[in-house]
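Student:
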Amino acid sequence: MSVTTQWIEIDSADGKFGAYLAIPHTQKGPGIVLIQEIFGVNEHIRSVAEQYAADGYLVVVPDLFWRSGARIELTYDEAGWKRAVELMNATDITKAQDDIKLAIAALKDQPGLDGGVASIGYCFGGLLSYLTAANGLVDVAITYYGGGIQDQLDRADEITVPLLMHFGEEDSHIPLEAVEKIAERFENNDFVEIVIYPQAEHGFNCSHRDSYNQRAAAEAHGNTLIFLGQEL
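Per my numbering: the sequence shown = residues 69 to 300.
1) Determine the closest residue to Ser187 out of Ala138, Gly148, Pro179, Val127, with distance taken between C-alpha atoms.
2) Taking the C-alpha atoms as reference points, what is the distance between Gln74 and Arg139?
3) Which of the three DSSP states, helix, strand or coil, is assigned to Tyr120?
4) With three or more beta-carbon pairs closer than 8 Å as the criterion, would you say the stretch 196-205 touches the stretch 148-168?
5) Would you kindly report the start and end of the unbroken alpha helix (DSSP H) that includes Ile168?
6) Between Pro92, Glu226, Ile100, which has its C-alpha nearest Val129's C-alpha?
7) Closer than 8 Å is the cut-off here; do at least three beta carbon pairs connect the stretch 200-207 with the stretch 108-116?
8) Between which two residues does the beta strand (DSSP E) carrying Trp75 extend?
9) Report the option in Ile250, Pro98, Asp207, Tyr120 whose CA atom is closest to the CA atom of Gln220.
10) For the alpha helix (DSSP H) containing Ser197, list its first residue and its last residue.
11) Please report how far the alpha carbon of Ala209 lies from the alpha carbon of Val260, in whole angstroms.
12) Going by C-alpha to C-alpha distance, which of Ile91, Glu245, Leu102 sits closest to Tyr125?
13) Whose CA, out of Thr211, Asn257, Tyr213, Glu248, lies closest to the CA of Thr228?
14) Just how far apart, CA to CA, sit Gly215 and Asp123?
15) Residues in its own chain within less than 8 Å of Tyr120 by CB, not counting five upstream and five downstream?
16) Whole angstroms is fine: what's the gap from Ile168's alpha carbon to Leu175's?
17) Under the rule that 16 or more other beta-carbon atoms within 10 Å means buried, what is Val153, buried or exposed?
18) DSSP puts Ile210 in a beta bridge; with which residues?
19) Please report the Cβ distance between Tyr190 and Asn273, rounded to the nearest whole angstrom; I am assuming they are in contact, meaning their Cβ atoms lie under 8 Å.
20) Roughly how many angstroms lie between the CA atoms of Ile242 and Leu181, to the nearest whole one?
21) Whole alpha helix (DSSP H) runs in the stretch 216-268 with 4 or more residues, listed along the chain?
22) Going along the chain, which residues of its own chain have a beta-carbon closer than 6 Å to the beta-carbon of Glu141, five neighbours each way excluded?
23) Since Val127 sits in a beta bridge, which residues does DSSP pair it with?
24) Would you mind giving the Cβ-Cβ distance between Tyr213 and His276, rounded to the nearest angstrom? I have them listed as a contact below 8 Å.
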């Protein structure tokens with residue numbers, strides 16, 4: 069049996085919202101809450117969820133833009149970028165964290181969950197993965213080019229679980245000065261590991277974007293699987 073996928077519904081104080089669920093062929097494994105970019109739970113993010121399911125994890129991807137519209141999917145062209153920024157700016161970060169907490173609870177209700185739960189977030193989701201770790205909701209956290217983490221370092225002392233952060237050396241959205249600021253703040257925190265990928269732009273993991281960097285994406289995925297294997 070291959071990876072199986074479905075949309076599930078999760079109850080919240082504001083109503084029901086959807087989450088994409090991917091289950092490995094073994095029907096069991098540790099859990100991952102996968103946190104979207106600003107482009108919604110689109111084809112790329114669903115494919116990432118399916119990849120981690122193929123790697124043996126139960127994966128849930130909450131639809132964080134549902135208050136603006138259910139299952140919004142955007143592409144990476146100019147119009148997609150414009151709408152994505154509008155949606156991100158309209159998103160209440162506190163409510164998004166509440167949704168992630170509910171998605172983790174839904175994941176823990178899955179009969180096949182066998183082990184801990186990690187968060188993995190991309191771009192906007194990278195920041196949310198960092199905050200999910202600070203909120204004590206997961207056993208391990210991973211961020212890919214998490215924008216704005218440098219502005220949330222007041223939460224740094226609350227990071228008490230293993231945290232792996234991936235950044236691109238040539239990220240036009242997250243300058244190296246920001247990464248250095250993050251690294252300096254976590255210098256004495258043995259839980260935190262930061263990897264910078266040479267010649268990699270923002271979004272280097274996304275094969276649907278012009279900034280896709282195959283080598284950096286492959287290395288980051290390998291580093292992520294090793295980290296999860298060691299820490300989860």
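By construction, the Cβ of each residue, glycine as well, lies at the ideal position given by its N, Cα and C atoms. A quick note: this is a predicted structure, and the numbers were derived from the prediction, not measured.
Tutor: In short:
1) Translated into positions along the sequence shown, residue 187 becomes position 119. The shortest C-alpha separation from Ser187 is found at Val127.
2) Against the sequence shown, residue 74 aligns to sequence position 6. Against the sequence shown, residue 139 aligns to sequence position 71. Going from the Cα of Gln74 to the Cα of Arg139 covers about 13 Å.
3) Numbered from its first residue, the sequence shown carries residue 120 at position 52. Residue state, collapsed to three classes: helix.
4) yes
5) Numbered from 1 along the sequence shown, position 100 holds the residue referred to as residue 168. That run of the alpha helix (DSSP H) goes 161-176.
6) Taking the first residue of the sequence shown as 1, we reach residue 129 at position 61. Checked all of Pro92, Glu226, Ile100; the closest Cα to Val129 is Ile100.
7) no
8) Numbered from 1 along the sequence shown, position 7 holds the residue referred to as residue 75. That run of the beta strand (DSSP E) goes 72-80.
9) As a first step, residue 220 must be located in the sequence shown, where it is residue number 152. The option with the nearest alpha carbon to Gln220 is Ile250.
10) Position 129 of the sequence shown, counting from 1, holds the residue named residue 197. Here the alpha helix (DSSP H) through Ser197 covers 192-202.
11) Taking the first residue of the sequence shown as position 1, residue 209 is located at position 141. Taking the first residue of the sequence shown as position 1, residue 260 is located at position 192. The straight-line gap from Cα to Cα measures roughly 10 Å.
12) Translated into the one-based positions of the sequence shown, residue 125 becomes position 57. Here the closest residue by C-alpha is Ile91.
13) Taking the sequence shown and counting its residues from 1, one reaches residue 228 at position 160. Here the closest residue by C-alpha is Asn257.
14) In the sequence shown, counting from the first residue as 1, residue 215 sits at position 147. In the sequence shown, counting from the first residue as 1, residue 123 sits at position 55. Those two C-alpha atoms are separated by around 26 Å.
15) To locate residue 120, count along the sequence shown from 1; it is residue 52. So the list reads Ala90, Ile100, Leu102, Val127, Ile188, once near-sequence residues are dropped.
16) For this step, residue 168 is matched to residue 100 along the sequence shown. For this step, residue 175 is matched to residue 107 along the sequence shown. Between Ile168 and Leu175, the C-alpha separation is close to 10 Å.
17) Numbered from its first residue, the sequence shown carries residue 153 at position 85. Its Cβ having fewer than 16 others within 10 Å, Val153 is exposed.
18) Reading the sequence shown from its first residue, position 142 is the one you call residue 210. Beta-bridge pairing links Ile210 to Ile188, Leu232.
19) Stepping through the sequence shown from its first residue, residue 190 is reached at position 122. Stepping through the sequence shown from its first residue, residue 273 is reached at position 205. About 7 Å separates the two Cβ atoms, so the contact holds.
20) As a working note, residue 242 is residue 174 in the sequence shown. As a working note, residue 181 is residue 113 in the sequence shown. Rounded to whole angstroms, Ile242 to Leu181 spans 35 Å at the Cα level.
21) 244-253
22) Here residue 141 corresponds to residue number 73 of the sequence shown, with the count starting at 1. Excluding positions up to five away in sequence, the list reads Gly108, Asn110.
23) As a position in the sequence shown, residue 127 is number 59, starting the count at 1. According to DSSP, Val127 bridges with Ala90, Ile100.
24) In the sequence shown, residue 213 corresponds to position 145, counting from 1. In the sequence shown, residue 276 corresponds to position 208, counting from 1. Actually they are not in contact, since the Cβ atoms of Tyr213 and His276 sit about 15 Å apart, beyond 8 Å.
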